[in-house]
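In this text, residue positions in the sequence shown follow this note's numbering: the first is 1, and each later residue adds one.
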Amino acid sequence: MSGISAGGVADITEITGTAAIAEILERFVRTEGRVDDGDPEFTRQIDLFDSGYLDSLGTLHLIQHIEERFRFELGDDALGDPSFGSIDGISSIVAAALAAAGSRER
Numbered sequence: 001m002s003g004i005s006a007g008g009v010a011d012i013t014e015i016t017g018t019a020a021i022a023e024i025l026e027r028f029v030r031t032e033g034r035v036d037d038g039d040p041e042f043t044r045q046i047d048l049f050d051s052g053y054l055d056s057l058g059t060l061h062l063i064q065h066i067e068e069r070f071r072f073e074l075g076d077d078a079l080g081d082p083s084f085g086s087i088d089g090i091s092s093i094v095a096a097a098l099a100a101a102g103s104r105e106r
């Protein structure tokens with residue numbers, strides 16, 4: 001996938017949209033939560049925590065993964081955002097943070 005180095009770290013200059021971010025996060029959640037590819041209930045819109053796909057330790061791992069992969073710290077406002085529950089919601093939060101970081105660098 002474009003935007004990911006051989007070491008698995010995102011080249012944030014090439015990740016441009018929520019779809020690419022969602023793909024990265026979905027891959028992580030499926031691995032961390034041991035979600036079967038054929039699970040009909042798992043979608044990018046389902047609440048990962050309420051549905052039990054991620055427990056508290058899995059949530060910590062997800063936060064750490066996001067911060068390392070996309071090279072920014074998730075603030076309390078992002079973690080408290082009601083959309084920080086689904087892959088699509090988290091992807092939107094990450095995309096907005098990357099866009100804000102990019103505009104500050106210009």
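Ideal placement from N, C-alpha and C gives every residue a C-beta, glycine not left out.
- Listed in chain order, the non-local C-beta contacts of L54 below 7 Å within the same chain comprise V29, E32, G33, L48 and L62, local neighbours out to five positions each way being set aside.
- The residue from E73, S83 and D81 with its alpha-carbon nearest to that of A101 is E73.
- Look at the stretch 52–101 and you find no whole run of beta strand (DSSP E) that is 3 residues long or longer.
- Remark: C-beta atoms of I21 and F84 do not approach each other more closely than 9 Å.
- The alpha-carbon of E41 is positioned some 20 Å away from that of S56.
- Here the C-alpha atom of S91 lies approximately 13 Å from the C-alpha atom of P82.
- Cβ contact annotation for S86 (same chain, cutoff 7 Å, sequence separation greater than five): R44, Q45, I46, D47 and L48, in chain order.
- Around the beta carbon of L25, a 10 Å sphere encloses 16 or more other beta carbons of the protein chains shown; the residue is thus reported as buried.
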